[in-house]
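Protein chains in written order, with the numbering used here: chain Z, 3 to 416; chain P, 295 to 665.
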């Protein structure tokens with residue numbers, strides 16, 4: 003136990019140590035996080051009136067980001083399955099970074115839900131009267147927190163085992179949890195989709211394709227995010243990422259994105275060809291209704307980005323492959339963020355169930371809060387990677403000192 | 295276990311801290327002056343930035359932060375009588391503090407053998423919106439911004455599709471002869487999608503059919519608002535504002551913002567910021583035999599309200615004799631709010647045809663209607 007406390011203290015200290023690039027990056031993230039915290043404090047005092055949300059459009063950027071990020075978290079499973087089920091050697095080296103990403107992203111998700119609450123001071127009521135299994139939101143609370151615990155356990159156990167130079171007890175403490183986490187990953191995104199598709203009063207959401215599309219788009223955007231992250235790790239730390247990883251992830255992204263586009267086309271066909279009253283929201287999203295066209299530029303940007311990304315992914319990548327891949331990944335990440343965030347949440351509220359059209363424009367304060375949460379999530383993830391890399395490489399273990407610690411000790415002993 | 299890494303070091307590495315902010319320079323012999331300075335400037339800067347970030351919290355007023363009793367208050371259904379009394383006393387105190395009025399607040403329980411139902415005569419409604427404002431005055435909704443439970447939609451003749459209606463009609467005179475008017479408020483569904491989705495059971499349907507909200511339990515997630523197919527729920531995006539008698543004395547123009555001191559726990563007591571609210575069929579009136587405010591004010595008698603379990607009631611009679619319909623019947627919400635037009639169903643009641651389920655029958659057939 004004492005050893006574990008010492009491990010945590012050393013991790014804490016290590017997170018404050020790095021070169022100037024590390025400091026700059028962390029300083030930048032801290033600033034954005036604090037600006038976000040400041041914006042949230044304003045919201046806490048004045049209420050959700052500081053956001054662009056109204057009774058007509060009662061969910062906005064917060065829930066949009068939440069939905070998107072649940073997908074990114076779930077996508078960690080796309081590293082886990084090849085690594086643990088298909089015993090892919092390359093992926094085994096980097097799978098932990100996917101799981102760590104899931105931890106950081108789930109924390110972001112929980113933050114996004116919290117800032118969306120009108121009375122965060124009453125969250126304790128969840129423990130006293132939990133409307134389970136009726137409310138899908140209670141399912142979401144369970145699966146998200148469960149997923150957080152599972153991944154925190156898996157990564158924490160692996161890292162601490164490496165720290166103590168012990169062989170992890172795979173049969174008992176690792177594999178069962180990994181297998182549960184695989185199913186659980188799918189469940190977090192399915193449950194989040196059911197949150198929306200279960201509402202009969204919102205025709206835009208009330209169809210069966212929402213959950214499969216969620217999964218497909220998540221398994222495109224998530225691995226795309228991981229591809230970029232792993233390159234950053236490869237470049238700025240001494241942890242080498244095998245090239246094969248990118249090749250495999252690219253295939254996953256390509257297949258998932260193709261399925262996503264197929265589902266999108268099926269959806270659009272049903273909505274537009276039949277042309278029933280149910281397609282008002284879809285119409286609003288893609289073409290606007292009258293002078294109300296706030297989302298039109300966004301969704302077409304997303305469509306263009308996603309289409310180009312898909313074409314790039316299918317191009318043969320012999321030379322400069324990684325740069326084509328990176329461009330495609332950035333486009334996918336942005337495109338799916340628009341499509342699944344703004345494009346999926348907002349139109350369901352326009353028009354309202356009574357046919358009124360009120361548009362939603364996020365306020366600056368709301369955007370700052372979102373920026374703060376993103377920065378905080380990246381901050382957490384950076385710290386996790388900062389600690390994990392030296393531990394896994396054997397630089398920081400229970401009985402060796404990390405180079406950053408040598409200085410102080412040397413000064414001390416001399 | 296205390297591992298010593300370097301022989302002779304005498305201290306575990308955990309204690310040789312170069313980045314912490316705790317302790318003075320003297321207490322860390324291993325720390326150089328420079329690293330100490332750097333660490334403390336960093337820590338101080340961090341603390342200052344953090345303090346600056348949370349500085350908006352200073353604007354919180356005393357009433358914004360719940361005291362311990364309010365924090366520990368139980369769910370409506372779990373409160374004992376004494377606990378309810380204590381909760382009511384807290385509300386009384388708060389209202390007095392804010393509005394300088396002593397409110398008459400109680401917790402009014404449903405009556406046995408009563409299920410409330412509303413019926414609205416679309417042939418009569420003239421779209422004057424008097425119900426909208428009477429509701430606001432009765433139920434202490436926030437006036438700035440104003441929250442309204444009833445939305446009157448101006449409908450073109452020839453359709454019942456509410457998507458074609460106009461919510462913001464503004465005419466010098468109503469009704470307009472090319473339109474009819476459809477007021478919509480909470481339909482108090484028998485199969486309500488809103489209560490189903492609430493994660494903390496802060497909203498539920500009472501035995502008399504009224505769906506209520508415990509304003510002290512709602513966490514403000516707005517899932518119920520997304521679930522409602524009738525757009526009947528309203529959220530307090532900011533602190534609700536009403537006028538106190540002194541303010542009204544100073545400025546008689548704001549008379550319409552006056553607080554209604556006659557209130558109950560589940561209905562029209564002032565709401566806090568960040569919670570959901572909705573029409574509750576004026577339960578503080580109707581559970582004591584009075585009519586809802588919207589009905590009382592209606593100048594044309596378009597609104598009917600009563601106990602559907604009482605076969606003699608107005609609403610029972612309407613359900614028997616009129617061609618009634620509900621909004622969005624296909625969603626299976628089973629509203630307790632019915633619309634009808636004035637035309638009498640020719641097959642209804644005393645006409646013999648009705649006794650055969652709509653099939654025509656020879657007049658005077660006395661035996662056909664037994665079932």
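C-beta: ideal position from N, C-alpha, C; glycine also.
Remember, predicted model here, so these are calculated numbers, not experimental data.
Check whether residue i and residue j have beta carbons under 8 Å apart
i: residue 504 of chain P; j: residue 599 of chain P; result: no
i: residue 2 of chain Z; j: residue 363 of chain Z; result: This structure cannot speak to residue 2 of chain Z, because chain Z is shown only from 3 to 416.
i: residue 374 of chain P; j: residue 486 of chain P; result: no
i: residue 491 of chain P; j: residue 60 of chain Z; result: no
i: residue 536 of chain P; j: residue 611 of chain P; result: no
i: residue 567 of chain P; j: residue 507 of chain P; result: no
i: residue 538 of chain P; j: residue 560 of chain P; result: no
i: residue 361 of chain Z; j: residue 461 of chain P; result: no
i: residue 515 of chain P; j: residue 119 of chain Z; result: yes
i: residue 103 of chain Z; j: residue 76 of chain Z; result: no
i: residue 133 of chain Z; j: residue 493 of chain P; result: yes
i: residue 185 of chain Z; j: residue 225 of chain Z; result: no
i: residue 221 of chain Z; j: residue 183 of chain Z; result: no
i: residue 333 of chain Z; j: residue 313 of chain Z; result: no
i: residue 618 of chain P; j: residue 632 of chain P; result: yes
i: residue 528 of chain P; j: residue 441 of chain P; result: yes
i: residue 81 of chain Z; j: residue 228 of chain Z; result: yes
i: residue 298 of chain Z; j: residue 290 of chain Z; result: yes
i: residue 238 of chain Z; j: residue 327 of chain Z; result: no
i: residue 97 of chain Z; j: residue 42 of chain Z; result: no
Amino acids of chain P, ordered along the chain, whose beta-carbon sits closer than 7 Å to that of residue i
i: residue 61 of chain Z; result: 516, 520
i: residue 136 of chain Z; result: 490
i: residue 139 of chain Z; result: 491, 493, 515, 517
Reference residue i, options the options, closest by Cα
i: residue 106 of chain Z; options: Z:290, Z:312, Z:26, Z:146; result: Z:146
i: residue 406 of chain P; options: P:449, P:429, P:567, P:501; result: P:501
i: residue 126 of chain Z; options: P:376, P:463, P:400, P:368; result: P:368
i: residue 232 of chain Z; options: Z:284, Z:149, Z:197, Z:250; result: Z:250
i: residue 50 of chain Z; options: Z:197, Z:378, Z:365, Z:357; result: Z:365
i: residue 70 of chain Z; options: Z:344, Z:399, Z:318, Z:148; result: Z:344
i: residue 381 of chain P; options: P:563, P:622, P:464; result: P:563
i: residue 623 of chain P; options: P:454, P:558, P:584, P:597; result: P:454
i: residue 358 of chain P; options: P:532, P:432, P:443, P:602; result: P:532
i: residue 65 of chain Z; options: Z:342, Z:211, Z:208, Z:384; result: Z:342
i: residue 242 of chain Z; options: Z:62, Z:25, Z:92; result: Z:92
i: residue 591 of chain P; options: P:429, P:349, P:437; result: P:429
Contacting residues, own chain, Cβ-Cβ under 7 Å from residue i (five flanking each side not counted)
i: residue 313 of chain P; result: Any reading at residue 313 of chain P must be qualified, since the residue scores a pLDDT of 40, below 50, and its modelled position is unreliable; no value is offered.
i: residue 179 of chain Z; result: 152, 155, 156
i: residue 522 of chain P; result: 487, 488
Proximal residues to residue i (C-beta, below 8 Å), its chain only, five neighbours per side dropped
i: residue 323 of chain P; result: At residue 323 of chain P the pLDDT is 45, less than 50, meaning the model places this residue with poor confidence and gives no usable figure here.
i: residue 475 of chain P; result: 416, 419, 420, 421, 446, 447, 448, 449, 468, 469
i: residue 451 of chain P; result: 472, 473, 474
i: residue 5 of chain Z; result: 166, 400
i: residue 199 of chain Z; result: 207, 208, 209, 210, 212, 213
i: residue 112 of chain Z; result: 146, 147, 150
Residue i: contacting residues in chain Z (beta-carbon distance under 7 Å)
i: residue 532 of chain P; result: 48, 49, 51
i: residue 354 of chain P; result: 47
Neighbourhood of residue i by C-beta distance below 6 Å, restricted to the same chain and skipping five residues each side
i: residue 394 of chain Z; result: 164
i: residue 150 of chain Z; result: 108
i: residue 386 of chain Z; result: 102
i: residue 498 of chain P; result: 489
i: residue 2 of chain Z; result: Nothing can be reported for residue 2 of chain Z, as the shown portion of chain Z is limited to 3 through 416.
Listed by chain order, chain Z residues near residue i by CB distance under 9 Å
i: residue 369 of chain P; result: 127, 130, 131
i: residue 625 of chain P; result: 202, 203
Chain Z residues whose Cβ lies nearer than 8 Å to that of residue i
i: residue 524 of chain P; result: 203, 355, 356
i: residue 512 of chain P; result: 120, 121, 124
Neighbour list for residue i in chain P, Cβ cutoff strictly below 8 Å
i: residue 40 of chain Z; result: 346, 347, 348, 349, 350
The stretch 440-451 of chain P: positions lying closer than 7 Å to chain Z by Cβ:
Within the stretch 440-451 of chain P, the residues whose Cβ lies closer than 7 Å to some Cβ of chain Z are 445, 447, listed in chain order.
Looking at chain Z, which residues of the stretch 477-501 of chain P have a Cβ within less than 8 Å of any of its Cβ atoms?
Correct list: 478, 487, 490, 491, 492, 493, 494, 495, 496.
Any C-beta of chain Z within less than 9 Å: which residues of the stretch 335-347 of chain P qualify?
Within the stretch 335-347 of chain P, the residues whose Cβ lies closer than 9 Å to some Cβ of chain Z are 336, 340, 343, 344, 346, 347, listed in chain order.
Please list the residues of the stretch 558-577 of chain P that have a C-beta atom closer than 9 Å to any C-beta atom in chain Z, keeping them in chain order.
Correct list: 566, 567, 568, 569, 570.
Determine which residues of the stretch 376-392 of chain P have a Cβ less than 8 Å from any Cβ of chain Z, and write them out in chain order.
Correct list: empty, as no residue qualifies.
With 9 Å as the C-beta to C-beta threshold (strictly closer), list the residues of the stretch 111-134 of chain Z near chain P in chain order.
Answer set for the stretch 111-134 of chain Z: 115, 118, 119, 120, 121, 122, 123, 124, 125, 126, 127, 128, 130, 131, 132, 133, 134.
Give the residues from the stretch 224-243 of chain Z that approach chain P closer than 8 Å (Cβ to any Cβ), ordered along the chain.
Residues of the stretch 224-243 of chain Z with a C-beta atom less than 8 Å from some C-beta of chain P do not occur.
What residues in the stretch 280-307 of chain Z have a beta carbon less than 9 Å from any beta carbon of chain P?
Answer set for the stretch 280-307 of chain Z: 282.
At a CB distance below 8 Å, what residues from the stretch 585-604 of chain P approach chain Z? Give them in sequence order.
Across the stretch 585-604 of chain P, no CB contact with chain Z closer than 8 Å is found for any residue.
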